[in-house]
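S.K.: If you scroll down you'll find the structure; I have some questions about it.
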Amino acid sequence: GVEETFSGHEVVFDEAEVSKVIIFKDDKIKFKAPDNLAHNLFEITNESDLEECNFGGSSNLAGVEETFSGHEVVFDEAGTFYFTCSITSHCFIGQKLTVEVKDASEGLKCHDHDDMAENDLSVPLLCSPGEVNVRAVNNPDYGALSANECSEQCVLSSAAQFMNGAELGSCASLGYMYNPTSKEVLLVGSPLKSSVVVVSNITDSTCHCHSYEEITCAEDDALYTEHIVEIEEHCASILDGSEESCPYKCFQPIEVLHLHYIECSSRVVDATYKAVNATTKCHKAAVAPSGTSDCPLVSLGQYDDLEEDQPALTSSAGTIMSYAIGTTITALVSFIATFDFQWP
Numbered sequence: 014g015v016e017e018t019f020s021g022h023e024v025v026f027d028e029a030e031v032s033k034v035i036i037f038k039d040d041k042i043k044f045k046a047p048d049n050l051a052h053n054l055f056e057i058t059n060e061s062d063l064e065e066c067n068f069g070g071s072s073n074l075a076g077v078e079e080t081f082s083g084h085e086v087v088f089d090e091a092g093t094f095y096f097t098c099s100i101t102s103h104c105f106i107g108q109k110l111t112v113e114v115k116d117a118s119e120g121l122k123c124h125d126h127d128d129m130a131e132n133d134l135s136v137p138l139l140c141s142p143g144e145v146n147v148r149a150v151n152n153p154d155y156g157a158l159s160a161n162e163c164s165e166q167c168v169l170s171s172a173a174q175f176m177n178g179a180e181l182g183s184c185a186s187l188g189y190m191y192n193p194t195s196k197e198v199l200l201v202g203s204p205l206k207s208s209v210v211v212v213s214n215i216t217d218s219t220c221h222c223h224s225y226e227e228i229t230c231a232e233d234d235a236l237y238t239e240h241i242v243e244i245e246e247h248c249a250s251i252l253d254g255s256e257e258s259c260p261y262k263c264f265q266p267i268e269v270l271h272l273h274y275i276e277c278s279s280r281v282v283d284a285t286y287k288a289v290n291a292t293t294k295c296h297k298a299a300v301a302p303s304g305t306s307d308c309p310l311v312s313l314g315q316y317d318d319l320e321e322d323q324p325a326l327t328s329s330a331g332t333i334m335s336y337a338i339g340t341t342i343t344a345l346v347s348f349i350a351t352f353d354f355q356w357p
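Written out as structure tokens, the structure is:
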């Protein structure tokens, strides 16, 4: 799952301070404390009690030992839930989290791209003599971002034994064969990037969904400018190559801008957005929920001059993130995802 930590008793999501997370029914959050700091987990009854750190009527979900190993909470109904720690003054100094749980149909906008139908990638990959198929499931180092994704590549048979987190074989033999996507990954210890094909095990549909925020097509739209400023500030590590995994504060505005450029064909695509998109590291999407009937084919307009649109077609266990609202960063999580929090 996506790792969330705390810094100075402030909730941190992928290095972004958060006080609220938006997820969907059946998502899971794992609360975990680092080995050297004691914490517990309480669910508070309402927003007012959370603000005042009033533990009357609260539920003790996990003690110190359990938070060291990680306590998982499954959210099987819509609503808003409040969490904190009761140890010393942790609540009063800001160790609080509000979780808003929505129905899976909320907050998403789905579409398909006409160029996706022509994808002729498939697994098993046909390897050259002397090479073998190597696969990795649910391993972001290899480009497989969830338990429903498998990464496959061809490597020299002599090198396969040294590939940590991978095994011999094709993804196809495990049932992963849908939505093939080509990616470039930089493996630990390797000076060069490797080409992999990532496939899913759940559907062959290319209809996918993004988190959505309405931005007008007006030239002077302040919300549009705000998103451009965000990617300029928070996507720098992707552009200079110092990070391989797209930071939360980078890919959430990229998500919103992707839909915006499709809707506003007259908008000139921002240069920073083009550069980030070309890395293929920050365009994330979720496979459309089962039964989705509204999935129009869209053209990318001025977006056509970018590299081929390659959303990370995740499974029902994938994640997409929403925009920041004021000082509250909200994480919009698609379907059955597990999130690992670390109490500070």
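Under the working numbering, the first residue of the sequence shown is numbered 14, with each subsequent residue one higher. All residues carry an ideal CB built from backbone N, CA and C; glycine is no exception.
What is the residue span of the alpha helix (DSSP H) that leucine 402 lies within?
M.R.: With the chain covering 14 to 357 only, the question about residue 402 has no answer from this structure.
S.K.: So, helix, strand or coil for lysine 122, using DSSP?
M.R.: Of the three classes helix, strand and coil, the one that applies to lysine 122 here is strand, per DSSP.
S.K.: With distance defined between alpha-carbon atoms, name the residue in Cys295, Phe37, Cys230 nearest to lysine 196.
M.R.: For the residues Cys295, Phe37, Cys230, the minimum Cα distance to lysine 196 belongs to Cys295.
S.K.: Grab me the residues of serine 250's own chain with a C-beta within less than 6 Å of its C-beta, minus the 5 sequence neighbours each way, in chain order.
M.R.: So the qualifying residues of the chain are Glu256.
S.K.: Exposed or buried, aspartate 376, counting other C-beta atoms within 10 Å across all chains shown (16 or more means buried)?
M.R.: Past the boundaries of the shown model lies residue 376; the chain is included only from 14 to 357, so the question cannot be answered.
S.K.: Quickly, what does DSSP pair phenylalanine 94 with across the bridge? List them, please.
M.R.: Answer is Val112.
S.K.: With DSSP collapsed to three states, give me the class of valine 77.
M.R.: In the structure shown, valine 77 sits in a helix (DSSP, three-state: H, G or I).
S.K.: Are asparagine 49 and threonine 80 closer than 7 Å when you measure CB to CB?
M.R.: Contact: no.
S.K.: If the criterion is Cβ atoms closer than 7 Å, does the pair leucine 181 and valine 145 meet it?
M.R.: Going by C-beta atoms, leucine 181 is nearer than 7 Å to valine 145.
S.K.: So, are the CB atoms of leucine 12 and histidine 240 less than 7 Å apart?
M.R.: With the chain covering 14 to 357 only, the question about residue 12 has no answer from this structure.
S.K.: Check for me: the beta strand (DSSP E) holding aspartate 40 runs from which residue to which?
M.R.: Run containing aspartate 40: 40-45, per the beta strand (DSSP E) assignment.
S.K.: What three-state label does DSSP hand histidine 271 in the structure shown?
M.R.: Helix at histidine 271.
S.K.: Identify whether cysteine 104 lies in helix, strand or coil by the three-state DSSP scheme.
M.R.: Three-state result, cysteine 104: coil.
S.K.: Thinking C-alpha only, which one of Gly92, His223, Ala46, Ser71 is nearest phenylalanine 37?
M.R.: Out of Gly92, His223, Ala46, Ser71, Gly92 has the C-alpha closest to the C-alpha of phenylalanine 37.
S.K.: What do you get for glutamine 166, buried or exposed, if any count of 16 or more other CB atoms within 10 angstroms of its CB means buried?
M.R.: Burial call: buried.
S.K.: Under the DSSP definition of a beta bridge, which residues are partnered with isoleucine 236?
M.R.: Reading the sequence as shown, one finds leucine at residue 236 and not isoleucine. DSSP output for leucine 236 lists no bridge partner at all.
S.K.: Looking at the structure shown, is serine 365 part of a helix, part of a strand, or coil, going by DSSP?
M.R.: Since the displayed the chain opens at 14 and closes at 357, residue 365 lies outside it and no answer follows.
S.K.: Suppose you measure from the CA of serine 279 to the CA of cysteine 140; what does that come to, to the nearest Å?
M.R.: Rounded to whole angstroms, serine 279 to cysteine 140 spans 44 Å at the Cα level.
S.K.: Reducing DSSP to helix, strand and coil, say where serine 32 ends up.
M.R.: The answer is coil: DSSP assigns serine 32 none of H, G, I, E or B.
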